[in-house]
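In my numbering, the protein residues as written are 1 to 375.
Backbone N, C-alpha and C define an ideal beta-carbon position, used for all residues, glycine too.
Since this is a predicted model, take the numbers as computed values, not measurements.
Below: the structure, in structure tokens.
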Amino acid sequence: MKGQSTNPSAPPQKLRHRAFISYSHGDEREFLAVRTMLGRLGFEDSSDRRLSAGSGFTEQIRMLITHSHVFVPILTPQSHKRGWVHQEIGFSVAMRIPVVPVCIGSLPEGMIKMNQAVVVRRTGSDLEAKLRNVNFNSLIEESGKGGFPQISCALRPEERAKMIEESADDARRCIGAQFIRYSAGLTSFSLPDESPEHDSWTARYADAPRSRFAFEWFRRERQALEKHARKAGCRLLIHTGFDADKDYGPGAQHTRLRILTDFLESVNGKVEAFVSKQVNKSSVLFVGDWMLAESHALRPVLGIQHTSFTAHAPAIQRRLEEFDGDFLQQLHEAGIDPLDSRRVAIRKLKALLKSAPPHPLWPRKQTAKRKRADR
């Protein structure tokens, strides 16, 4: 991997593939050897060393396997006798995660024959050589071609916000802050980070108010994504063709534009943005390659009515590459340098603000501009 650029608007680093290494704790030496070898091949370990105390281990293991690019069970006479090995392999196959068994000795009887199985007598130099012969990139690419094996759906905006918060927080806890990619109207960063009683919520929804319950979840959605964006950066494809004033009432559009502009001005991480005049009734959100949320039905006043979520890393990686290609192509056609895109986006948003009437309640002239500290 290349070193991280010191430029605050540098593009995101190439994501490392995650390997879940399944092993018996009596095979600690074998585990450490396999983890070291996979690390040299560019993999990040997502094994049970990341499990949190006090939570269900089975659920956590399934979550980590589901979000991995490959599953690597270490098969020894000791681990083969334990039923969970077969269960985890079966779960990985069902989730369409590529399985690359490392067999110390020989492939145990009764195991599924796999062409990519690595069989060694002991964990020595021949292990690294055989692992290098496995075409991991091809396995991951092929796995990502068949669509999404597991999809969860949120029908209402509040459900969507809850699932975004949970998935974003899981990613931050398990693998750290992730680069955010977002194509939407004004994105979640046009949601206020304020208590539900704050005038910014009244102004954002103008004549079509929502419940306090909804405001609380929307705020959590914004906060969960912002924790990633401020640390790891983001790419925002912002569609401004939708005029919120027509459906919500005067001031709704100005409020949303101002909150988003304030966010872009305050964030200090790696940020790229492109402002489009198009109307887009769908949205796509990536939290690294940990989660993809795709919304298909934006209904004015009612909000986003259907969002599908997937955690299948190989398939997300494929879509992520398509997103980056489209984003950079639009910048290129507009003659905008990616490193200068945030400044250009802020200028365009401020121009739109001048033509959008503010809400009478917010922002008031005497309200000081809020300075958000990096989280």
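Buried versus exposed, by CB contacts within 10 Å (16 or more), residue i
i, result
"valine 275", "buried"
"proline 357", "exposed"
"leucine 331", "buried"
"glutamine 278", "exposed"
"proline 360", "exposed"
"threonine 38", "Per the sequence presented here, residue 38 reads as leucine, with threonine not at that position. Its Cβ being crowded by 16 or more others within 10 Å, leucine 38 is buried."
"histidine 25", "exposed"
"serine 152", "exposed"
"glutamate 88", "buried"
"alanine 168", "buried"
"aspartate 382", "Lying before the first or after the last residue shown, residue 382 is absent from the chain, which here runs from 1 to 375."
"arginine 342", "buried"
"alanine 94", "exposed"
"glycine 146", "exposed"
"alanine 161", "buried"
"serine 202", "According to the sequence provided, residue 202 is threonine. The question's serine does not apply to it. Answer is buried; the Cβ neighbour count reaches 16."
"threonine 58", "exposed"
Own chain partners of residue i with C-beta closer than 7 Å, once the 5 adjacent residues on each side are dropped
i, result
"glutamine 178", "Ala171, His228, Ala232, Val287, Gly288 and Trp290"
"alanine 206", "Tyr248, Gly249, Pro250, Gly251, Ala252 and His359"
"lysine 350", "Thr261"
"leucine 352", "Thr240 and Leu257"
"phenylalanine 263", "Phe189"
"valine 344", "Ile336"
Euclidean distance between Cα positions of residue i and residue j
i, j, result
"leucine 225", "glutamate 165", "7 Å"
"proline 363", "arginine 212", "20 Å"
"arginine 16", "lysine 246", "44 Å"
"aspartate 126", "threonine 36", "14 Å"
"arginine 132", "leucine 41", "7 Å"
"aspartate 340", "proline 196", "35 Å"
"arginine 230", "leucine 32", "33 Å"
"lysine 281", "lysine 348", "21 Å"
"isoleucine 346", "glutamate 216", "27 Å"
"histidine 86", "serine 79", "10 Å"
"valine 134", "cysteine 103", "14 Å"
"proline 209", "threonine 66", "38 Å"
"aspartate 27", "histidine 239", "53 Å"
"aspartate 60", "serine 46", "Just to set this straight, residue 60 is glutamine in the shown sequence, not aspartate. Distance between the alpha carbons of glutamine 60 and serine 46: 11 Å."
"alanine 334", "aspartate 326", "12 Å"
"serine 355", "glycine 303", "24 Å"
"alanine 117", "glutamate 321", "29 Å"
"valine 119", "glycine 105", "7 Å"
"proline 157", "glutamate 44", "34 Å"
"phenylalanine 136", "lysine 81", "27 Å"
"serine 295", "arginine 121", "50 Å"
"lysine 130", "valine 34", "11 Å"
"aspartate 199", "glutamate 265", "21 Å"
"tryptophan 84", "glutamate 128", "26 Å"
"isoleucine 316", "isoleucine 175", "16 Å"
"isoleucine 336", "leucine 186", "20 Å"
Same chain, Cβ closer than 6 Å to residue i, five either side skipped, listed in chain order
i, result
"arginine 370", "Because the pLDDT of arginine 370 is 49, which lies under 50, any placement of that residue in the model is unreliable, and the number read from its coordinates should be weighed accordingly. Nothing listed; no residue qualifies."
"arginine 181", "Arg235, Phe286 and Phe323"
"alanine 373", "Caution applies to alanine 373, whose pLDDT of 44 falls short of 50 and renders its modelled position unreliable; the model cannot decide the point."
"alanine 184", "Ser283"
"arginine 318", "Gly144"
"serine 188", "Glu221, Arg222 and Leu225"
"threonine 76", "Asp27 and Ile104"
"glutamate 159", "none"
"alanine 214", "Glu158"
Nonlocal neighbours in the same chain, by C-beta distance under 8 Å from residue i, ignoring five residues either side
i, result
"leucine 191", "Arg204, Phe218, Arg219, Glu221, Arg222 and Ile259"
"methionine 163", "Ser152, Ala154, Ala293, Thr307 and Phe309"
"phenylalanine 91", "Arg62 and Ile65"
"glutamate 194", "Ser200, Trp201 and Arg219"
Closer than 8 Å to chain B by CB, residue i
i, result
"proline 196", "In the structure shown, chain B cannot be found, because there is only a single protein chain."
One or two residues paired with residue i in a DSSP bridge
i, result
"cysteine 174", "DSSP output for cysteine 174 lists no bridge partner at all."
"methionine 291", "Val287"
"leucine 75", "Cys103"
"phenylalanine 242", "Beta-bridge pairing links phenylalanine 242 to no other residue."
"isoleucine 180", "Cys234 and Val287"
"valine 271", "Cys234"
"glutamate 44", "Arg18"
"alanine 154", "Thr307"
"serine 276", "His239"
"valine 118", "Val102"
"valine 134", "None; valine 134 has no bridge partner."
"valine 70", "Ala19"
Any non-hydrogen atom of the ligand ATP within 7 Å of residue i CB
i, result
"serine 138", "This structure lacks the ligand ATP, and indeed carries no ligand of any kind."
Check your understanding: Can we say the segment 301-319 touches the segment 255-265, given the rule of at least three CB pairs closer than 8 Å?
Key -> no
Practice item. Tell me, please, whether the segment 231-243 touches the segment 262-271 by the rule of three or more beta-carbon pairs shorter than 8 Å. Key: yes
Check your understanding: Would you call the segment 16-27 and the segment 71-81 touching, i.e. three or more CB-CB distances under 8 Å?
Key -> yes
Check your understanding: Are there three or more Cβ pairs, one per stretch, closer than 8 Å when the segment 85-100 is compared with the segment 127-144?
Key -> yes
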